[in-house]
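A quick write-up on the structure given underneath.
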């Protein structure tokens, strides 16, 4: 099961919500999954929004939060900034687009065509 973060307050202005309906029945009910995409041209502002979301809904101690990244430099930068803010950061699972969408499709029971 995927856990998606929910944006509120000022962070909501940075986010665009995509709603996906998938044919997944659980106890006879259709499940709806929400994916929030945060976009912007200033990494520092996006980092502030991410920190606000993580403080509002902190991950469990061994929970891995998936991040879609463009390169290893972004992974290192995010890990350093989150470690500076929280003291310790080991909850990130940094994935390139192909692995991110493969995992998302697998968890939703979908098949991606290449």
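In our numbering, the protein residues as written are -11 to 102. Note that CB positions come from ideal geometry on N, CA and C, so glycine has one too.
Residue 95 and residue 51 have their C-alpha atoms some 16 Å from each other. Check the Cα spacing between residue 84 and each of 63, 70 and 32: the tightest is with 63. Around the Cβ of residue 37, a 10 Å sphere holds 16 or more other Cβ atoms; the residue is buried. In the three-state scheme derived from DSSP, where H, G and I count as helix and E and B as strand, residue 84 is classed as coil. Looking from the CA of residue 73, the closest CA among 40, 31, 25 and 61 belongs to 40. Given a length threshold of 3 residues, each whole run of the beta strand (DSSP E) inside the stretch 28 to 80 is given here in chain order: 53 to 56. At least 8 Å separates the beta-carbon of residue 55 from that of residue 90. Take the alpha-carbon of residue 93 and the one of residue 59: they are about 21 Å apart. Judged by beta-carbon spacing, residue 71 lies within the 8 Å limit of residue 77, meaning their Cβ atoms are closer than that value. Short of 8 Å from the beta carbon of residue 57, and not among the five residues preceding or following it, lie these beta carbons of its own chain, in chain order: 63, 66, 82, 83 and 84.
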